[in-house]
Every structure is written in structure tokens, then in C-alpha cells.
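Beneath this line is the structure, given in C-alpha cells, with notes to follow.
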Amino acid sequence: MIVLQGKGISDGIARGPVCFLRRLPDCTAKILPDDVEAEKARLTAAKTRAVRWYEALAEECRRNMDCEAAALMETHAMMVEDEDYAAYILDVLADERCNAEYAVRAAGERFAAVLSASGDACIRARAADIRDVSRRIIRGLTGGGEAGIGADAPVILAADDLLPSELIRFGKDKILGVLCREGTGSGHMAVLARTMGIPAVCGLGDSLSVEYDESFACIDGGTGQVVIGPDQAALYVFQRKTQESRDRKERLLVLRDEEDVTPDGQRITLRCNINSPDDTAAVLANGGRGIGLYRSEFLFLAAHDRPSEEEQFVAYKAAVGAMNGRRTVIRTLDIGGDKRVDRFDPQTERMSVRDHLRRPETLQTQLRALYRASAYGNAAIMFPLITSVQEVMACKRLCQNVMADLDREGVPFNRATEIGIMIETPAAVLIADELAKEADFFSVGTNDLTRYILAHDRRTGKALESHRSDVLRAVKLAADAAHKAGIRVSICGDMAADSELLGTFLAMGIDELSVPPASVLPLRARVRSTVVKNCTLEKLEY
Ligand code: PEP
Ligand code: MG
56 MIVLQGKGIS DGIARGPVCF LRRLPDCTAK ILPDDVEAEK ARLTAAKTRA VRWYEALAEE
116 CRRNMDCEAA ALMETHAMMV EDEDYAAYIL DVLADERCNA EYAVRAAGER FAAVLSASGD
176 ACIRARAADI RDVSRRIIRG LTGGGEAGIG ADAPVILAAD DLLPSELIRF GKDKILGVLC
236 REGTGSGHMA VLARTMGIPA VCGLGDSLSV EYDESFACID GGTGQVVIGP DQAALYVFQR
296 KTQESRDRKE RLLVLRDEED VTPDGQRITL RCNINSPDDT AAVLANGGRG IGLYRSEFLF
356 LAAHDRPSEE EQFVAYKAAV GAMNGRRTVI RTLDIGGDKR VDRFDPQTER MSVRDHLRRP
416 ETLQTQLRAL YRASAYGNAA IMFPLITSVQ EVMACKRLCQ NVMADLDREG VPFNRATEIG
476 IMIETPAAVL IADELAKEAD FFSVGTNDLT RYILAHDRRT GKALESHRSD VLRAVKLAAD
536 AAHKAGIRVS ICGDMAADSE LLGTFLAMGI DELSVPPASV LPLRARVRST VVKNCTLEKL
596 EY
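Here's what the structure looks like:
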């Protein structure tokens with residue numbers, strides 16, 4: 056029995072045979088063809104094939120209701136046509152008078168190297184996407200077959216790194232779990248594995264030897280432990296873990312319609328974070344009391360072009376309608392930083408509301424779509440990355456203008472739609488009392504708040520301690536300011552789902568938590584067994 060330790064990036068237990076991914080070698084040796092124009096024509100045809108391939112895969116994902124995977128495959132299709140990438144390939148063709156395969160490989164390596172050299176783990180993770188696209192075009196040029204799994208039954212798939220499109224193509228039916236020598240928790244493969252519910256461990260390095268091909272293994276995507284050739288005792292441990300997790304999920308289902316109230320009567324409403332209207336099914340299945348954060352930027356990231364007012368209206372209306380009267384907080388576009396539209400531009404700055412206000416057309420269009428959707432249920436609007444009272448006033452003025460336009464046009468909307476703000480900058484915490492006079496509600500974004508308070512450069516990719524008293528003090532300052540002004544305060548960053556902080560949040564009197572759908576029921580169980588009078592603010596002490 057051999058035990059390996061990697062980094063668990065997608066929770067869950069898998070047991071089964073290891074199978075190393077068979078990738079066919081790509082023939083990209085440099086040759087000097089007679090006719091470079093003919094190479095350009097071959098390249099164009101191969102790119103068209105690649106775009107069609109990704110689009111077909113996206114379509115299949117949509118049919119399977121996997122919107123996130125579909126959006127990713129659509130982005131890959133866009134990357135095939137990316138101007139800088141395409142120009143680089145043509146430059147290599149023209150300068151070196153070489154074959155298209157060689158030029159595509161050179162461009163792929165160049166772009167992947169630039170992305171990999173970034174200090175930002177999120178940007179580094181994008182290198183896999185450009186490699187995926189380049190391999191796909193080369194396959195279109197050489198007519199090569201697909202990478203394959205040399206087995207019919209489901210396997211634990213092992214590879215140096217796994218491309219997002221490979222994970223989607225093999226699918227959940229074929230893959231029990233994933234083992235990678237490389238990779239990080241923030242790459243697209245990790246995001247997809249989590250969405251698809253496939254346990255995954257990465258960062259195993261050379262300890263993941265090809266000798267383990269076809270060996271039976273057990274993996275724990277939570278702890279990162281991998282056991283090759285488990286003995287009876289290890290098998291028993293993994294069997295028990297699987298059964299326990301299944302039982303836990305089943306037991307929790309009885310809480311789906313129960314209230315979020317502690318034994319001593321304090322309420323803390325549990326809502327969900329979503330990225331697309333398709334996620335509303337998971338919100339309802341897990342008993343979420345609505346949506347506390349709809350990250351609208353995913354609509355922009357998935358689109359080929361800026362989504363029109365109509366496209367946005369359809370998406371927002373779908374989310375609001377699916378919630379059937381439950382509150383649906385939709386956040387306006389929060390783009391930049393790791394959420395970039397142009398995936399090849401590592402320099403993309405984080406855009407705050409003040410940047411959007413300088414050129415308000417995009418925000419105006421979005422607000423029109425949001426107000427129109429407000430006629431179909433219980434919607435609220437939320438502005439991100441606020442740093443001043445003036446910004447809130449300007450956002451509210453824009454809302455007033457949009458409502459006046461809709462009035463003139465006779466378009467129905469809910470005039471009482473609440474306007475909330477995210478507290479996720481140190482500036483917002485320091486002036487929280489002033490902001491609370493202008494906002495209908497606060498939602499604390501602990502992800503950005505942590506980063507900005509600790510001057511943590513996202514590009515270092517280092518994990519931060521999650522129970523820091525300084526950050527928790529900032530959350531309390533925001534909560535106190537909200538309550539003093541008589542408005543509600545929610546937490547929608549990752550900390551909200553940390554059950555060890557629940558007692559602290561209850562002691563602060565936080566009104567709502569917004570968490571991933573799968574976290575609602577475990578958190579509800581905890582709420583219903585936590586006596587608030589025993590909760591303290593000791594985590595705020597140094
Ligand atoms: C946050 O910053 O905590 C937050 C919820 O927003 P996002 O993670 O989308 O930046
Ligand atoms: Mg944020």
C-alpha cells in the first residue's frame with residue numbers, strides 16, 4: 056500500500072482503478088512548406104473546426120444543464136479567434152515561413168509562458184486554457200484522434216494536468232476522480248470538478264508515478280490523501296467515509312423547509328450565491344431562502360459580446376421568477392482582477408463602481424434590465440466595491456434616471472426595489488455609518504475585504520488565515536453601523552459558509568448569510584443547534 060499526499064481541490068471520496076490519460080503526440084515538427092498561403096488556408100479550416108468542436112461541446116453541456124461548463128467551452132471557442140493570439144500565429148507563419156502546426160504550437164507556448172510567469176495564481180491557471188485551445192487547433196490540422204481513457208469502466212483519471220475540455224468531454228459517468236501532478240485549486244479544471252461533483256487531488260508531483268496505472272486506489276478530495284493499493288483496513292476507512300457522507304446528505308434533507316432559527320429564537324436567514332439562473336434549481340433543492348448574491352459578471356464573461364439589455368433582462372427575470380417571491384439580490388457588474396473579460400490580458404485592472412460611473416452606459420443598460428426584471432418577483436439591486444458616499448449617491452441617481460425613463464416608456468417595474476451595497480473595502484468599513492444612511496442594506500464581501508485589509512496581493516496566491524481578528528472586527532464595525540441605522544446586514548463572502556464562524560456571526564447579530572447552495576443544509580443544522588447566549592466575540596480578540 057502506498058500513501059500519497061496532494062492538495063484536495065474538489066471534495067468527495069472516489070474508489071476505483073487509476074488510469075493515466077493517453078494523449079496522442081501532436082506532430083508539430085518544423086517543416087518549410089513551399090506555399091505559406093496554403094498553410095494559412097489550412098490554419099483557417101482547422102480554426103473553424105476547433106470553434107465548431109467547442110461550440111458542440113458547449114451545446115451538450117447546456118443540454119445537461121451545466122451552464123458553467125458551457126460558458127467555459129464558449130470562452131475557449133472565443134479564444135481560438137482571439138486577435139492577439141491569431142496575429143501571433145500569422146506572424147510566426149510569415150516570419151519563419153513554416154507549417155501551421157509549428158506556428159500554432161509556438162503561439163500556444165508563448166501565451167502559456169506569459170500567463171504562467173504571472174505572480175497571480177488565477178492568471179497562471181489560465182495557461183491550461185490556452186494550451187487546450189492550441190492542442191485543439193493542432194488536432195484539426197493533423198487530423199489526429201482524441202486523447203483517450205484506455206478503459207471502458209469508470210476510472211480515477213491521472214495526468215500531468217487535465218484540460219478543462221477533457222474533463223467535460225469524458226464526463227462524470229466516465230470519471231470517478233481526478234489525480235494531477237500539477238494544477239491549483241483556482242484553475243478552471245478545479246472549478247469544473249467541484250461543479251460536476253468529481254473528487255480531485257492535484258499537486259502530487261512526481262509521487263504520482265505511471266507505475267500506478269491500472270492499480271486500485273482510494274482518493275479523498277477533501278484532505279488530498281491518495282492510497283494506492285489500499286489494504287483491508289484502508290479500504291474499510293474509505294468505505295466508511297463514503298457511507299458517512301451519503302448518510303449526512305440524506306439526513307440533512309429533512310431540514311429543507313425548516314426555519315433558520317437558533318434554539319433560543321435568533322434568526323439568521325440562509326440564502327445562496329449563484330452565477331447563473333440555472334443555479335436556481337440547486338438553491339431550491341437545498342432549501343435556500345432566496346439569492347443573497349447573483350454574480351452578474353458571469354453573464355458578461357460567458358457572452359461573445361456585451362450582453363444586450365434584452366439578454367440580461369431574460370437572465371434576471373429567470374432568476375427572480377424561479378425564486379417565486381423569495382428575495383433575489385442581483386449584483387451589478389463586478390469585473391476585472393481575476394474576473395477579466397479579456398482572458399489574455401494579465402494587466403486587467405479591477406474596475407470599481409467609480410470606474411463604471413465614469414462611463415455609465417454599461418451600468419445604465421444593466422439597471423434597465425434589472426428594473427424590468429423587478430416586475431416579476433422580489434428583486435434587489437446591489438452595487439459592489441463601494442468606497443465613498445458619493446459613489447452610492449451617483450448609483451442611486453442612475454437608478455432614479457432609469458426608473459424615470461421606464462416610467463415615460465410605460466414599462467412596468469417595482470419602484471420599491473431595494474438598493475444595497477457591498478462592504479468589501481476598508482474605506483467602506485471606515486465610513487459605514489455614513490453609507491448606512493444611504494443604503495437599504497449591507498452585504499459584507501469578506502473575500503475582497505480580507506484581501507484589501509491585509510494588503511494581500513492576490514498574485515502571491517498564498518492562502519490567508521481565515522479567522523483573523525482584524526477582518527472579523529471590520530465585519531462587526533459594518534454590522535454595528537448597519538444596525539444603528541436600522542438596516543439589515545448580510546455576509547456573502549466565503550467566510551459566510553465557515554461553520555466555525557457561525558457563533559461569532561450570531562453574536563454580532565448578522566441578519567443573513569449567503570453561501571453556495573450545497574452549504575445551506577449543513578449550516579442550517581448548525582444554526583438550529585447553536586445557542587446564541589453561549590456564543591462570544593472571542594475570535595475578535597488578539
Ligand atoms: C467578496 O468579495 O467577498 C464577494 C462576495 O465578492 P466576489 O468574491 O465576487 O469578489
Ligand atoms: Mg468582492
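Just add 55 to wherever you are in the sequence shown, counting from 1, and you've got our numbering. Glycine is no exception: its CB is placed at the ideal position from the N, C-alpha and C atoms. From a predicted model like this one, the values you see are computed outputs, not experimental measurements.
{"Check": "Backbone CA spacing between residue 19 and residue 134 [nearest angstrom]", "Outcome": "As displayed, the chain neither begins before 56 nor continues past 597, which places residue 19 out of reach and without an answer."}
{"Check": "Reference residue 314, options 579, 97 and 417, closest by Cα", "Outcome": "579"}
{"Check": "Local Cβ density within 10 Å of residue 221, reported as buried at 16 or more and exposed below that", "Outcome": "buried"}
{"Check": "Same chain, Cβ closer than 8 Å to residue 605, neighbours up to 5 away in sequence not counted", "Outcome": "The question about residue 605 has no answer, for the chain in this structure spans 56 to 597."}
{"Check": "Residue 330 beta carbon near the ligand MG (any heavy atom closer than 7 Å)", "Outcome": "no"}
{"Check": "Chain-order list of residues whose beta-carbon lies under 8 Å from that of residue 157 (same chain, five-residue window excluded)", "Outcome": "83, 84, 85, 86, 147 and 151"}
{"Check": "Sub-8 Å separation of residue 277 and residue 66 beta-carbons", "Outcome": "yes"}
{"Check": "Near the ligand PEP: residue 151 beta-carbon under 7 Å from a heavy atom", "Outcome": "no"}
{"Check": "Residue 311 vs residue 345 beta-carbon contact at 8 Å", "Outcome": "no"}
{"Check": "Backbone CA spacing between residue 572 and residue 378 [nearest angstrom]", "Outcome": "13 Å"}
{"Check": "Residues of its chain near residue 143, where Cβ-Cβ distance is below 7 Å and the 5 sequence neighbours each way are ignored", "Outcome": "162 and 165"}
{"Check": "8 Å Cβ cutoff met for residue 116 and residue 223", "Outcome": "yes"}
{"Check": "Rounded straight-line distance, which links the Cα of residue 125 to that of residue 112", "Outcome": "7 Å"}
{"Check": "C-beta neighbour in chain B for residue 155, strict 8 Å", "Outcome": "The question asks about chain B, but that chain is absent: this structure has only one protein chain."}
{"Check": "Check: residue 439 C-beta below 7 Å from any heavy atom of the ligand MG", "Outcome": "yes"}
{"Check": "Cβ neighbour criterion (16 or more within 10 Å) applied to residue 172", "Outcome": "exposed"}
{"Check": "Closer than 7 Å: residue 446 CB and nearest the ligand MG heavy atom", "Outcome": "no"}
{"Check": "CA nearest to the CA of residue 489, picked from 471, 442, 452 and 262", "Outcome": "442"}
{"Check": "For residue 62, three-class secondary structure by DSSP", "Outcome": "strand"}
{"Check": "Cβ distance (whole Å) where residue 474 is taken to contact residue 248 below 8 Å", "Outcome": "Not confirmed; about 37 Å, so no contact."}
{"Check": "Cross-strand partners of residue 384 (DSSP beta bridge)", "Outcome": "435"}
{"Check": "beta-carbon residue 559 near the ligand PEP non-hydrogen atom, thresh 7 Å", "Outcome": "no"}
{"Check": "Beta-carbon gap between residue 154 and residue 94 smaller than 8 Å", "Outcome": "yes"}
{"Check": "The alpha helix (DSSP H) enclosing residue 458, as first and last residue numbers", "Outcome": "444-464"}
{"Check": "Pair within 8 Å by beta-carbon distance, residue 351 and residue 306", "Outcome": "no"}
{"Check": "Distance CB(residue 456)-CB(residue 430) smaller than 8 Å", "Outcome": "no"}
{"Check": "Collapsed DSSP secondary structure at residue 57 in the structure displayed", "Outcome": "strand"}
{"Check": "Nearest-angstrom Cα separation, counted from residue 337 out to residue 522", "Outcome": "28 Å"}
{"Check": "Residue 378, DSSP secondary structure in three states", "Outcome": "coil"}
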